[in-house]
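Residue numbering for the sequence shown follows full-length UniProt numbering, beginning at 1 and increasing consecutively.
Below you'll find the structure, written out as structure tokens, and then a few comments.
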Amino acid sequence: MQSTNEYDGNTFDLHYYFDASVEKSEREVYNDDGVTRNAYNQGLFERLAFESETKKGSFEIEFEAELGDHYSASTKVINVIVHNFPRQPKRIKSHGKTLEFSYDTLSKVLFFAIEWNTLKAIETKIRF
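Quick look at the structure:
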């Protein structure tokens with residue numbers, strides 16, 4: 001990417017570095033149009049929150065959005081790449097649907113994609 005003009009916040013890769021000793025983790029991503037001055041103060045922004053929780057035999061990621069008063073919700077396509085995942089999952093479910101995934105046993109990298117409308121929080125559960 002050579003310029004922020006090429007940035008599209010509706011499709012992105014989310015890299016997560018799995019560590020079984022970390023029971024819970026939280027991170028956020030901030031987006032605005034990249035042009036409007038003081039976008040946050042004008043309510044022209046979104047904050048995307050990602051919370052993970054590791055339990056015995058499962059790993060969950062919750063996706064939740066905070067939208068500014070003047071920012072429209074959108075559908076995101078998120079390519080989730082989980083590094084150092086201990087084993088091939090039995091299944092991955094998100095908002096009631098079983099997701100396709102790939103897992104590389106040598107590099108221990110898990111890959112799956114989700115579609116998420118930011119109007120509603122969703123939870124993705126990985127069973128292993």
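C-beta: ideal position from N, C-alpha, C; glycine also.
These numbers were taken from a predicted model, which means no experiment stands behind them.
Selected residue, minimal CA-CA separation from residue i, among the options
i: Leu106; options: Ala73, Lys120, Gln88 and Asn117; result: Gln88
i: Glu53; options: Arg47, His15, Glu62 and Gly68; result: Glu62
i: Asn84; options: Ser74, Leu99, Tyr7 and Leu110; result: Leu110
i: Lys108; options: Arg47, Tyr17, Ser21 and Asp33; result: Tyr17
i: Ser21; options: Asp69, Lys55 and Asn10; result: Lys55
Span of the beta strand (DSSP E), counted from its first residue to its last, around residue i
i: Ser102; result: Phe101 to Asp104
i: Arg91; result: Arg91 to Ser94
i: Arg37; result: Note, Arg37: premise wrong, no beta strand (DSSP E); not H, not E.
i: Leu48; result: Phe45 to Lys55
Euclidean distance between Cα positions of residue i and residue j
i: Phe45; j: Glu123; result: 22 Å
i: Ala113; j: Glu64; result: 16 Å
i: Val77; j: Leu14; result: 10 Å
i: Ser74; j: Ser94; result: 18 Å
i: Thr98; j: Phe12; result: 21 Å
i: Glu60; j: Pro86; result: 14 Å
i: Lys24; j: Tyr103; result: 23 Å
i: Glu26; j: Phe50; result: 6 Å
i: Ala121; j: Thr36; result: 27 Å
Bridge partners - residue i, DSSP secondary structure assignment
i: Glu23; result: In the DSSP output, where bridge partners are listed per residue, Glu23 has none listed.
i: Tyr70; result: It is worth fixing the name first, because residue 70 is His in this sequence and not Tyr. Its beta-bridge partners do not exist; DSSP assigns none.
i: Asp13; result: Asn79
i: Ala113; result: Asn79
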